[in-house]
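All remarks here apply to the structure that follows.
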Amino acid sequence: MSELPTKVDIREVSLRDGLQIEQPIPLAAKLELLDAVVATGVREVEATAFVSPSKVPALADAAELAAELGRYDDVEFSALVASPNGAKRAIASGLRSIEYVVSAADGHSRANVGRSSADAAAQISDIVAIAHDSGASVEVIVATAWDCPFDGPTPPQRVLEIVDQAMAFGADRLAVADTIGTATPRRVSDLVALVRPRIGELPLGAHFHNTRGAGLANAYAAVQSGITRLDASVGGLGGCPFAPGASGNIATEDLVYLLRDSGIDTDVDLPAAIAAADVARSVVGHDLPSALLRAGDRITG
2 MSELPTKVDI REVSLRDGLQ IEQPIPLAAK LELLDAVVAT GVREVEATAF
52 VSPSKVPALA DAAELAAELG RYDDVEFSAL VASPNGAKRA IASGLRSIEY
102 VVSAADGHSR ANVGRSSADA AAQISDIVAI AHDSGASVEV IVATAWDCPF
152 DGPTPPQRVL EIVDQAMAFG ADRLAVADTI GTATPRRVSD LVALVRPRIG
202 ELPLGAHFHN TRGAGLANAY AAVQSGITRL DASVGGLGGC PFAPGASGNI
252 ATEDLVYLLR DSGIDTDVDL PAAIAAADVA RSVVGHDLPS ALLRAGDRIT
302 G
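This note's numbering applies: residue 2 is where the sequence shown begins, and numbers increase by one.
The following block contains the structure:
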C-alpha cells in the first residue's frame, strides 16, 4: 500500500459504457449530455465505441458523434474498439486515443467479441500498429480481471498474460476492469500488486462497476495501491450488455465526493458533476443509482 496521491485523473465513460446498454437516444441528446460532462472540468472522456451497430445499436452513430468533438477544447477524447477494423474506423473519424478491451476469461470474450481470449489478445499487435501509424495511442483494458459471469473467478495469471502481451506489442496504457462488479478491496490490492511490477512506468488505470455495492471501496483500494487513473460515469449510468448481472459504473460524482474528502484532487467540479448526472437521468428517461444525485453533497447540498 502506497501513500495516497494528491491527484487522480478521472475518465468519464457515460457516453460509451454508460449508454451502451440503453435504448438508442438521438445524437442531440448525446451532445446535451456531453456538454454537461465537459462542463464538469473532466479532462478525459470516452466518447463512443466503433463496434458492430447490430450488437450495440446505442452506439451506431459513433462517426457522427466523433465529428462533433472538435468543438470542445482541452478534453482528450477516446473511443473503444473491438477489432482492427474498428480501430481503422476510429482513426478515420479523427480519434487519436483508442481503447481495446481483451477479456481475461474465454466465456466473456466469446460473448463480447465472438472469439477466445487468446485470439483477442493476439490482435493487440495489429491495433497498436494501426494506431501508432496514425500518431494515435492505445490503451489495453483487461476485462473480467477478477470474475467472469460465465467462467467464474479469473485466475490472476490470465490477467498477467494479457498484460505481458500488451507490453510486448507496444500498448501505451493499461487498465484492469471489474466488468461485473464482484471485486473486493483485498482482491483489488492483490491484483494491482501483481500487475504493477510487470509494467514499469506504463500508466495503469482501473474500471469498476458497483453491481454489488463495493465499487467505491474498490476504487479507493486501487488508489491506495498506487493507481491514479479511474473510470467513472455520471449518475452511475452503464453496464455491459454481454455480461449477465453487470450493472452501473461507479458514479463520477460519488467518486469525486470520496476523493475530495480524502484530500485528492480530480479537476472535476462536484456540483457540475451532480448536474451532469441529472442530465444523464433525463436523456435516458429513468432513475440512476448515484447516491449524490439522490442525497446531494454535504457541503453544497
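Yeah, the Cβ is synthetic: ideal placement off N, Cα and C, and Gly gets one too. Given the structure is predicted, the values throughout are model-derived calculations rather than measurements.
For A172, the closest C-alpha among the options H210, Q158, H133, L192 is that of H133. Look at A106 here: in three-state DSSP terms it is coil, with no helix or strand label.
The alpha-carbon of A233 is positioned some 24 Å away from that of S84. Looking at the DSSP output, Y73 sits in no beta bridge, so it has no partner there. Beta-bridge annotation (DSSP): Y101 is paired with V82, V141.
The C-alpha of P25 lies about 9 Å from the C-alpha of D62.
Between T49 and L66 the beta-carbon gap is near 5 Å, inside 8 Å, which marks them as a contact.
Beta-bridge partners of A252 (DSSP): S234. By the criterion of at least three beta-carbon pairs nearer than 8 Å, the stretch 218-225 is not in contact with the stretch 80-96.
A distance of 9 Å or more separates the beta carbons of G240 and T253. For L175, the enclosing beta strand (DSSP E) begins and ends at 174-179.
Cβ contact annotation for L20 (same chain, cutoff 6 Å, sequence separation greater than five): A59, in chain order. By alpha-carbon distance to A292, the top candidate from N250, A121, P54 is N250. By the Cβ test, the stretch 125-140 is not in contact with the stretch 262-274, since fewer than three Cβ pairs between them sit closer than 8 Å. In this structure, the alpha-carbon of L192 lies about 23 Å from that of D120.
Nearest to L70 by C-alpha distance, out of V38, E100, S55, is V38.
Taking a contact as a CB-CB distance under 8 Å, the pair I11 and T267 counts as one, their CB atoms being some 5 Å apart.
In its chain, beyond the 5 residues on either side, R44, E45, S98 have a beta carbon closer than 7 Å to the beta carbon of E77. Nearest in C-alpha terms to G214, of all of R159, L231, T185, V160, is T185. Ranking A277, N211, A169 by CA distance to the CA of V129 puts A169 first. Burial state of R299 is exposed, judged by a 10 Å Cβ sphere holding fewer than 16 other Cβ atoms.
When DSSP states are grouped into helix, strand and coil, V280 belongs to the helix group. D36 sits in a helix when the DSSP states are folded into three classes.
R159 counts as buried, since at least 16 other C-beta atoms from the protein chains shown sit within 10 angstroms of its C-beta.
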